[in-house]
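Trainee:
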Amino acid sequence: MSSQEREPRESNELHPPKLRAPGLGLLLAEMRGVFEFNASVLLSPLLMRAPRGDGHPVLVLPGFLASDLSTAPLRRYLRELGYDTHGWQMGRNTGGLARMRAALSDRLAAIHAATGRKVSLVGWSLGGVYARDLALQVPDMVRSVVTLGSPFAGDVRATNARRLYEALSGEVVGDDPQLREAIAGDLPVPATSIYSRTDGIVNWRTCLLRPSATAENIEVHLASHTGLGVNAAALWAVADRLAQAEGQFSQFERSGPFAIAYGAPEKAQSS
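Mapping to my numbering: the sequence shown position 142 is 998, numbers consecutive.
1) Alpha carbon to alpha carbon, how far is V1076 from L898?
2) Identify which residue in D924, L1020 and L917 has its Cα closest to the Cα of L990.
3) What are the partner residues of A1047, as DSSP defines its beta bridges?
4) Which word fits D1011, buried or exposed, when buried means at least 16 other C-beta atoms lie within 10 angstroms of its C-beta?
5) Within the continuous beta strand (DSSP E) that includes D1096, where are the two ends?
6) Could you check where the alpha helix (DSSP H) with L898 kicks off and where it finishes?
7) Give the DSSP-derived three-state secondary structure of H1077 in the structure shown.
8) If N1059 and A1099 are in contact, beta carbons under 8 Å, what's the gap, nearest whole angstrom?
9) Terminal residues of the continuous beta strand (DSSP E) containing S976?
10) Can you give me the Cβ contacts of V1028 inside the same chain, cut-off strictly under 7 Å, excluding the 5 residues immediately before and after it?
11) Assign D962 to one of two classes, buried (16 or more other C-beta atoms within 10 Å of its C-beta) or exposed (fewer than that).
12) Would you kindly work out how many angstroms separate the C-alpha atoms of S1052 and A895, rounded to a whole number?
13) Can you check whether the CB of G952 is closer than 7 Å to the CB of F920?
14) DSSP three-state label for H942, please.
15) Return the residue from the list A877, S1000 and I967 that minimises the CA-CA distance to Q1104.
16) If you pair each beta-carbon of the region 1024-1042 with each one of the region 933-940, do three or more pairs fall below 8 Å?
17) Can you give me the start and stop residues for the beta strand (DSSP E) that L915 sits inside?
18) Among L1064, S1106, D1055 and H912, whose alpha-carbon lies nearest the alpha-carbon of T1082?
19) Sorted by chain position, which residues of the same chain lie with C-beta nearer than 7 Å to V994's C-beta, five sequence neighbours on each side aside?
20) Classify G881: buried if its beta carbon has 16 or more other beta carbons within 10 angstroms, exposed otherwise.
21) Over the uninterrupted alpha helix (DSSP H) stretch that includes A1038, give me the two end residues.
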């Protein structure tokens, strides 16, 4: 039994059990992200069979140290499905939740004002943490939130990027229990967390939200952290979730061309 398997599954929101960052083997295996991208290119005819969008705006937020370039394939895919996609337009993401909050709110407000519609947020890794925080700050502008390998729950320090994040952002990960609890808690909009147990950057348990009638976790087998935003099964799941009508939510159905790539669904809890 590995050290991660011995870690407890349940967490206390105020004092979450200490988790370990993914081991060296998983970290080195992150190089497979390029193969996930190439596979998605080859599988593009299947990917285009995903549910079509209704033209509503989607703001895609990049991960730590990444820029809009990293989310270009995802935005292009969603655009081809009929969405009005937007990058965050803030250069490289060097972190700082408190520091970035005002600029992110302004970016969201500009898209909302220009389109006259609520905006879906798709956040990769740290971008997903930003997305969940935005949904809490300005829920009237947000239609739904989809996160990809985002460490927002439990012991959020259990990542291989923590030290670098703290050095560049000037923030200490998890030092504000109230903020951590709020971002990990129930959102006022539909929320989906897409994650992989073979993530080599963040401990997958930090990506788990509390399932409910409007919130769900979707596991993608064998995906890497750096590949989640271009992984074919993850792309299909994102498109499927965004295609839901505004104000409506149903649990993800593990069917279609990538059904075998998803983990078993979790039961929603009553609110």
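Think of the CB as a built atom: it goes at the ideal place given N, C-alpha and C, for glycine as much as any other residue. Bear in mind the structure is a predicted one, so any value in this text is a computation, not a measurement.
Mentor: Taking the geometry as given:
1) Taking the straight line joining both Cα atoms gives about 18 Å.
2) For the residues D924, L1020 and L917, the minimum Cα distance to L990 belongs to L917.
3) A1047 is bridged to V1001 and A1071.
4) By the 10 Å Cβ count, D1011 comes out buried.
5) Annotation: D1096 is outside any beta strand (DSSP E); the continuous alpha helix (DSSP H) that includes it extends over A1088 to L1098.
6) Note, L898: alpha helix (DSSP H), G889 to L898.
7) Of the three classes helix, strand and coil, the one that applies to H1077 here is coil, per DSSP.
8) Not quite, the Cβ-Cβ distance comes to about 30 Å (not below 8 Å), so this is no contact.
9) Its beta strand (DSSP E) spans residues V975 to W980.
10) Excluding residues within five positions, the ones whose Cβ falls inside 7 Å are E1022.
11) Exposed.
12) Straight through space, the alpha carbons of A895 and S1052 are spaced by roughly 17 Å.
13) The criterion of a C-beta distance shorter than 7 Å is not satisfied by F920 and G952.
14) If DSSP states are grouped into helix, strand and coil, H942 belongs with the strands.
15) Per the Cα distances, S1000.
16) The region 1024-1042, when compared against the region 933-940, does not touch it at the 8 Å Cβ threshold.
17) According to the DSSP assignment, L915 belongs to the beta strand (DSSP E) that extends over P913 to L917.
18) The candidate whose alpha carbon is nearest that of T1082 is D1055.
19) Here the set comprises S961 and L964.
20) G881 is exposed by the Cβ-count criterion.
21) Start and end: P1033 to A1040.
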